[in-house]
Amino acid sequence: MQPSNNYQRLRVVFTFYMLIGLISLNGQNTFQLTGSITDEYNHPLVGAAILLQGEDKGTATDRKGNFTFNILTEGNHELVISFLGYKTQKQTITLNKNKHITIQLISGEKELDEITVTENAVNTRKAESSMNVEVIDKNFVNSNLSGSLMQTLNRLPGISSMDIGAGQSKPVIRGLGFSRVAVAENSIKHEAQEWGADHGLEIDQFTVEQIEVIKGPASLMYGANAIGGVIDLKEISTPAKNSTGGSLLLNMHTNNNLLGVSAKFHKRFDKFYFKTHFTYTDYSDYRVPTDSISYMSYYFRLKNNQLRNTAGMERNGSITLGYLNNNFASHLTFSDNFSKSGFFANAHGLEIRNSTIDYDRSDRDIDLPSQQVNHFKILSNTIWMIKDYKLKTDLGFQNNYRQEFAEAISHGYMPTPPDSLERLYNKNTWTANVKLELPVHNIHHWTAGINSEFQNNKIDGWGFIIPAFRSYSGGAFVYDNIHFSEKWIANAGVRYDLGGINTDAYYDWYNTRQDDGSEIEVQRATQLHRTFGNFSWGIGATRKTRDLILKINLGKSFRMPTAKELASNGINYHMYRYEKGDTALKAEESYQLDVGLTLKKKNWNIELSPFVNYFPNYIYLNPTSEYYEAQQIYYYNQSKVFRTGGEIAFNYDITRDINFSADAEYIYSLQLSGEKKGYTLPFSPPLTSNVEIKYSPQSKGIFKNPTLGINLKLVTAQNNIVPPEKKTAGYSLLGFNAGTNLKIGKQTTQLNMQLTNVLNTRYYDHTSFYRLIEVPGQGRNFIVTLQIPFGN
Amino acid sequence: MKKFLFTAIPILLLILTYGCDNTIKDEEVPVIDMTLDDVFPQYCDTVYRGESFTFKFRFTDNVELGSYSIEMHNNFDHHTHSTSIVECELDPIKTADNPLLFLDEYSIPEGLQEYTATATIDIPYGVDTGDYHFMVRVTDASGWQTYEGISVKIEDR
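Here it is as structure tokens:
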């Protein structure tokens, strides 16, 4: 193009804008409108959204519940005020001078479904935290629904899952998983057997109301284990006064013939309310895009492309009782989550087995090997408002009862066991947290709190991996949010934790022949008592302007070594290796620098979130070149680890109806010391990208907010591996999705459909539990979810 | 400033990734060569009770071998495929009475890329005859492992 043309075009555009500017300024007075938004009890609402109808202007309330519009023209303006969990209000204001208004919002659960409402509150939460936070709601879950919560969430950049078949998965945040990610439900940490590669997360994805994911060390608020990040599930909505209602959700997957039903019901009187829910899911063996699997020189034929014995079921329920008045809100939740699922029959872990069990007689039954877990919880969350002080207490009891069954078979010196109960873990956890938020004073907003937890873990079964143990931890923290100005927010906090663990001695239940010819019950674990004390801290700042958010955060987190890392001493017959703990391990520490950049323009935005992370003593299970009882020795040791990476997300409204989005995540890990110096860390997710085009036409009639999308997941090869991993080739997966709200009578039924792995591509997921035995990922799957609300 | 950042950051990243990647990592598993003529036992071989036999395997690795282990356990329940493409003929399923169980670990001298492993195993008179698995596992110095599962029989001569 000619330069003169460019210049001319620029001049035309410039003149055009000048004209518009002149017209709009011509003869008009402008005023300032300020206001405060409160709840029913006059407490300020933070992050409420205020939109000026038809003017393309909007803002959100700050920490004190205040908002400001600086330049508004004289005359009428229609305000739309919305906030998660409250009824949206419209109000017309006539401006002829500067004005201050106060608006009270009334709570009402129905508004939870309004996507726009959540988005604004979420944006405020994301913008005000200097950490890297993702907030999602149940709409995200419904439209991305997969076989388990983490498989649903792995659509988010920086979040991945370690899948154990189609119905179980473990959380991974930026490449860190197992005991390095804390999962919390209403601020109370979920405590199960996170150390096991085949132990999924015992959470019902249909109970999700809102999930906050913190990518990065968050020990400051959540204590130990939050070293890699936090997934905090918030089930905190309060039904509207004198309301009765609920919903029925139906879910179907064609790949593993899954049928699921989830029903919710709630009723609120004036101050009392209750909520209840029940979910039942049943699925068959899942299908993979291959008719045979060859691993080493083993070769298995699959019947109907189905992985034998991967069927399962889940049965969950909960009851919540709540009470709230002007300055007190409390709820008590009882929940129970039960699941039973089979393991792929031809190989349990790395062990290849023939069995006399006729697995192919049915694709829905669960034979051996299998696992069965029951997780029971009582959670109590209470908020007291005393003048401007806010006191929060969280109390919890949980029992995790896990049984793993396998055929009774002799291994090494172990004779044939008496029954099929290979492992049993029975863990009770008691939690008590107290948090006090001080009134906002000048620019400071102080919060202080204490957390405490006690665990009692018992074991049984013939396969020993971890000893019985009791552990306790207590921590105290204080942090300050400093609002220098509307643009600048800083925060700083410090925390001290003290914890301890007592493990029991363990002797084999059978004799092992010694070199001198004698036979003894070998002692696998000795009685051990360790205590750990640690400081955590975090400091960060956020700069927020109209279209740009900049964040920087530096933090230190830690975790105590687990019983497995300290005291394991036996052969893991799933993985065919001898695992040895180290009783002298130090607490693991992590330092991380996070940067965040969000640029929002009229029809596009971009989000960039790189990080640098350093572990001076990462606890790593190192495969050695030595043997013990003919099995390879793996032992726990600590090495220096450097990690870096991040996420990028881009979103562009091509037209009013068509949206394009693309995101990518990348992790690089390197062991800087120890025997595996120069190698990466195990289970490192490869460079992954998601691209999606979404068509959301305007519509009238019974189809409300219809959407139609096409998405492509691009995964590069993972060639950066550490023993005993295998390099994994790259792949791409095509998907379609469609959704609509159906307005029938007063109620809005939500219908979502997904077609995943459209081309039935044969691919290997580097972080899947079955990867090592060459089992490909799930084949084509059609998923339908229908949610029908009822009530007044 | 911007220019500086835009040049400095990629250069830093380059140095960083180069500094990280210039250590040559061993990514190859060791190899058990089953094709050599004098390898013993071979798939479907027979060894005799009351006698001893000498196993012999050849291991190779691209960098350095680690150590190896030998395990011999019964396959009376036909529990596993061997790693062989060849299917051996198995006796009927039976319960073990006094099966042979042999587990032992062996070291390989340091710094070797090739090693011939050989040792003698006694089979006592009293053990059960029938189908057995002879497992040979070998590691390299980096911790990579490979193994062979060989179906053998213990019989009376």
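Chains as they are written, first to last, in our numbering: chain R, 1 to 792; chain F, 793 to 949.
Even for Gly, the Cβ is constructed at its ideal location relative to N, Cα and C.
Buried versus exposed call for residue i [16 or more other C-beta atoms within 10 Å across all chains shown]
| i | result |
| --- | --- |
| leucine 828 (chain F) | exposed |
| histidine 441 (chain R) | exposed |
| alanine 729 (chain R) | exposed |
| tyrosine 668 (chain R) | buried |
| serine 284 (chain R) | buried |
| valine 117 (chain R) | Residue placement at valine 117 (chain R) is flagged as unreliable, the pLDDT there being 34, under the threshold of 50; the coordinate-derived value follows with that caveat. It is buried - the Cβ of valine 117 (chain R) has at least 16 other Cβ atoms within 10 Å. |
| threonine 887 (chain F) | exposed |
| glutamate 947 (chain F) | exposed |
| threonine 931 (chain F) | buried |
| proline 884 (chain F) | exposed |
| isoleucine 816 (chain F) | exposed |
| serine 4 (chain R) | With a pLDDT of only 47 at serine 4 (chain R), under 50, the local geometry of the prediction cannot be trusted, and no value is derived from it. |
| leucine 759 (chain R) | exposed |
| tyrosine 939 (chain F) | buried |
| isoleucine 520 (chain R) | exposed |
| threonine 526 (chain R) | exposed |
| leucine 19 (chain R) | Below a pLDDT of 50, predicted positions are generally treated as unreliable, and leucine 19 (chain R), at 45, falls in that range; no measurement from the model is reported. |
| aspartate 515 (chain R) | exposed |
| proline 776 (chain R) | buried |
Contact check, residue i vs residue j, beta carbons under 8 Å
| i | j | result |
| --- | --- | --- |
| asparagine 635 (chain R) | lysine 580 (chain R) | For clarity, residue 635 (chain R) is tyrosine in the given sequence; the question names asparagine instead. Against a cut-off of 8 Å, the Cβ pair of lysine 580 (chain R) and tyrosine 635 (chain R) comes out as a contact. |
| threonine 290 (chain R) | arginine 771 (chain R) | no |
| histidine 925 (chain F) | isoleucine 913 (chain F) | no |
| serine 179 (chain R) | serine 169 (chain R) | no |
| glutamine 455 (chain R) | threonine 429 (chain R) | yes |
| isoleucine 793 (chain R) | glycine 196 (chain R) | Because chain R in this structure spans residues 1 to 792, residue 793 (chain R) falls outside the shown range and cannot be described. |
| glycine 570 (chain R) | arginine 524 (chain R) | yes |
| leucine 176 (chain R) | isoleucine 211 (chain R) | no |
| glutamine 631 (chain R) | isoleucine 619 (chain R) | no |
| phenylalanine 69 (chain R) | glutamine 32 (chain R) | yes |
| proline 686 (chain R) | valine 715 (chain R) | yes |
| threonine 749 (chain R) | leucine 786 (chain R) | yes |
| aspartate 663 (chain R) | asparagine 603 (chain R) | no |
| asparagine 711 (chain R) | valine 691 (chain R) | yes |
| phenylalanine 866 (chain R) | tyrosine 679 (chain R) | For residue 866 (chain R) there is no data in the structure shown, the boundaries of chain R being 1 and 792. |
Nearest-angstrom beta carbon gap, residue j and residue i [assumed within contact, 8 Å]
| i | j | result |
| --- | --- | --- |
| isoleucine 50 (chain R) | isoleucine 81 (chain R) | 5 Å |
| threonine 59 (chain R) | phenylalanine 67 (chain R) | 5 Å |
| serine 677 (chain R) | valine 722 (chain R) | First, the residue type needs correcting, since residue 677 (chain R) is lysine and not serine in the sequence shown. The Cβ separation is near 11 Å, so there is no contact. |
| lysine 458 (chain R) | asparagine 426 (chain R) | 5 Å |
| proline 833 (chain F) | valine 919 (chain F) | At roughly 16 Å, the Cβ-Cβ gap does not stay under 8 Å, so proline 833 (chain F) and valine 919 (chain F) are not in contact. |
| asparagine 400 (chain R) | alanine 192 (chain R) | 4 Å |
| valine 208 (chain R) | glycine 229 (chain R) | Actually they are not in contact, since the Cβ atoms of valine 208 (chain R) and glycine 229 (chain R) sit about 17 Å apart, beyond 8 Å. |
Residues that residue i bridges to, as DSSP identifies them
| i | result |
| --- | --- |
| aspartate 923 (chain F) | F:Lys945 |
| asparagine 781 (chain R) | R:Thr756 |
| asparagine 457 (chain R) | R:Lys427 and R:Phe469 |
| glutamine 371 (chain R) | R:Ser341 and R:Glu404 |
| isoleucine 824 (chain F) | F:Phe851 |
| threonine 34 (chain R) | R:Thr68 and R:His100 |
| aspartate 914 (chain F) | F:Ser844 |
| isoleucine 386 (chain R) | R:Tyr389 |
| methionine 560 (chain R) | Paired residue(s): none; methionine 560 (chain R) is not in a bridge. |
| valine 775 (chain R) | Bridge partners of valine 775 (chain R): none, in fact. |
| alanine 476 (chain R) | R:Ile450 and R:Tyr496 |
| phenylalanine 642 (chain R) | R:Tyr614 and R:Leu670 |
| valine 839 (chain F) | F:Ile946 |
| leucine 176 (chain R) | R:Ile173 |
| leucine 554 (chain R) | R:Ile539 and R:Leu593 |
| phenylalanine 274 (chain R) | R:Lys267 and R:Leu321 |
| threonine 254 (chain R) | Per DSSP, none; premise fails for threonine 254 (chain R). |
Any C-beta of chain A under 8 Å from that of residue i
| i | result |
| --- | --- |
| proline 467 (chain R) | Among the chains of the structure shown, chain A does not appear; the protein chains present are R and F. |
In chain order, each beta strand (DSSP E) run of at least 3 residues that lies wholly inside the region 300 to 326 of chain R = 312 to 325
Going along the chain, which unbroken runs of the beta strand (DSSP E) with 3 or more residues stay wholly within the region 687 to 743 of chain R?
-> 688 to 695 and 703 to 715
In chain order, which alpha helix (DSSP H) runs of at least 4 residues are fully inside the region 124 to 164 of chain R?
-> 138 to 143 and 149 to 153
Could you name each continuous alpha helix (DSSP H) segment of 4 residues or more that falls completely within the region 557 to 639 of chain R, going from the start of the chain to the end?
-> 563 to 567
Scan the region 220 to 250 of chain R and note each continuous beta strand (DSSP E) run of 3 residues or more that stays entirely inside, going in chain order.
-> 229 to 234
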